[in-house]
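J.: Shown below is the structure under consideration.
Here it is as structure tokens:
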């Protein structure tokens, strides 16, 4: 009878340890998954409105433009991008312009094209940009400039938007 009791206690103890071990394994894999998601989180460090002079971007903090001006938004350090099976990154970018009441007045997609499938140093895009060329059809007033960047490997995306004005 004592042998059966001792064997039962040992079996119960091993079962409990095995269950605890599997539970820890599941927690560890959940932690690993969360860690991977955090590592893959695509962010935009900063951005500026800008004007372009002599092929260089000059930050333009006023965000006030005139009809006929080209409005640039320059992003800074966008990443971290995942790498595909070919060891390359694959990104894409979309630009949307909204008027004062939230109506989309312009959209441009696939701005990177084939240049978005490349080896990004440190899995970052240092200074991607998009532009909107205003014209006489644009009404005077407030607009919203929105850029969305996509990591086509991890399926992550991030966006930034800010207001600018046309006088």
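Numbering (the working numbering), first residue to last: 22 to 188.
The beta-carbon is built from N, C-alpha and C at its ideal position, and this holds for glycine as well.
1. Assign residue 112 to buried or exposed, taking buried as 16 or more other Cβ atoms, counted over all protein chains shown, within 10 Å of its Cβ.
2. Whole angstroms are fine: how far does the CA of residue 143 sit from the CA of residue 72?
3. Once you ignore the five residues that flank residue 175 on each side, which residues in its own chain have a CB closer than 8 Å to its CB?
4. Rounding to the nearest angstrom, what Cα-Cα distance links residue 159 and residue 108 in this structure?
5. Let me know the secondary structure DSSP gives residue 58 once reduced to three states.
6. Can you give the beta carbon distance from residue 122 to residue 186, rounded, assuming they're within the 8 Å contact cut?
7. Excluding the 5 residues flanking residue 178 on each side, which residues of the same chain have their C-beta closer than 8 Å to its C-beta?
8. Ordered along the chain, which non-local residues of its own chain (more than five positions away) have a Cβ less than 7 Å from that of residue 188?
9. Write down the C-beta distance between residue 149 and residue 99 rounded to the nearest angstrom, noting that I regard them as a contact closer than 8 Å.
10. Take the Cβ of residue 151 as the centre, count every other Cβ of all protein chains shown within 10 Å, and call the residue buried at 16 or more, exposed below.
11. In this structure, how does DSSP classify residue 136 when only helix, strand and coil are distinguished?
T.: Let me spell this out:
1. With a threshold of 16 other beta carbon atoms within 10 Å, residue 112 meets it and is buried.
2. Between residue 72 and residue 143, the C-alpha separation is close to 27 Å.
3. Hits under 8 Å: 61, 63, 102 and 103.
4. Approximately 43 Å between the Cα atoms of the pair.
5. The pLDDT assigned to residue 58 is 47, lower than 50, so where the model puts this residue is not dependable; a value taken from the coordinates is nonetheless given after this. Here residue 58 sits in helix by DSSP.
6. About 15 Å separates the two Cβ atoms, so there is no contact after all.
7. These residues qualify, in order along the chain: 63, 169, 170, 171 and 172.
8. Cβ within range, chain order: 85, 87 and 161.
9. At roughly 6 Å, the Cβ-Cβ gap stays under 8 Å, so residue 149 and residue 99 are in contact.
10. Residue 151 is buried by the Cβ-count criterion.
11. In the structure shown, residue 136 falls within a helical segment according to DSSP collapsed to helix, strand and coil.
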